[in-house]
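One structure below.
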Ligand code: FES
């Protein structure tokens with residue numbers, strides 16, 4: 005199901021907040037776009053593309069903290085702030101994500 009946010013961005017309900025255990029990530033599809041959603045132990049939510057731009061690693065299986073996501077395949081890191089990589093490789097797309105009445109809402113364009 006989807007909810008239109010703007011003319012260039014669409015908000016999609018991808019699941020329930022409890023579908024993502026604290027401190028972990030899970031893969032979803034938001035309006036046809038594969039995404040990885042993380043729920044950090046501080047309660048914050050983050051979303052990025054599902055596949056690592058380096059070699060397609062499953063980013064939802066990566067380790068994370070409040071600053072960066074670490075790809076599980078070759079351990080390159082990506083900043084949550086803008087998707088850029090301190091590892092010096094191509095960055096990832098980051099998507100706005102929030103909770104609405106227990107639903108996980110990801111905005112993709
Ligand atoms: S596939 Fe992600 S760092 Fe190589």
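Residue numbers (this note's numbering): 5 to 113. Don't be surprised by glycine CBs; every beta carbon is placed ideally from N, CA and C. As the structure is a computational prediction, the values presented were derived from the model and not from experiment.
Subject >> Supposed contact pair residue 29 and residue 65 - C-beta distance, whole angstroms, cut 8 angstroms >> reply: Taking the chain shown and counting its residues from 1, one reaches residue 65 at position 61. Taking the chain shown and counting its residues from 1, one reaches residue 29 at position 25. With 8 angstroms as the limit, residue 65 and residue 29 qualify as a contact, their Cβ atoms being about 7 angstroms apart.
**OP:** With a floor of 3 residues, list each beta strand (DSSP E) that falls wholly inside the segment 15-94, ordered by position along the chain.
**Re:** 28-34, 37-43, 49-53, 72-74 and 81-83
**OP:** Can you grab the Cα-Cα spacing for the pair residue 39 / residue 31, in whole Å?
**Re:** Within the chain shown, numbered from 1, the residue matching residue 39 stands at position 35. Within the chain shown, numbered from 1, the residue matching residue 31 stands at position 27. C-alpha separation (whole angstroms): 6 angstroms.
Original post:
What number of angstroms, rounded off, separates the C-alpha of residue 67 from the C-alpha of residue 16?
Top reply: For the purposes of this step, residue 67 is taken as residue 63 along the chain shown, with counting starting at 1. For the purposes of this step, residue 16 is taken as residue 12 along the chain shown, with counting starting at 1. Straight across, the Cα-Cα distance linking residue 67 with residue 16 is about 24 angstroms.
**OP:** Answer yes or no: the CB of residue 95 versus the heavy atoms of the ligand FES, is any distance below 8 angstroms?
**Re:** For the purposes of this step, residue 95 is identified with residue 91 of the chain shown, where counting begins at 1. Flag unset: Cβ of residue 95 not near the ligand FES.
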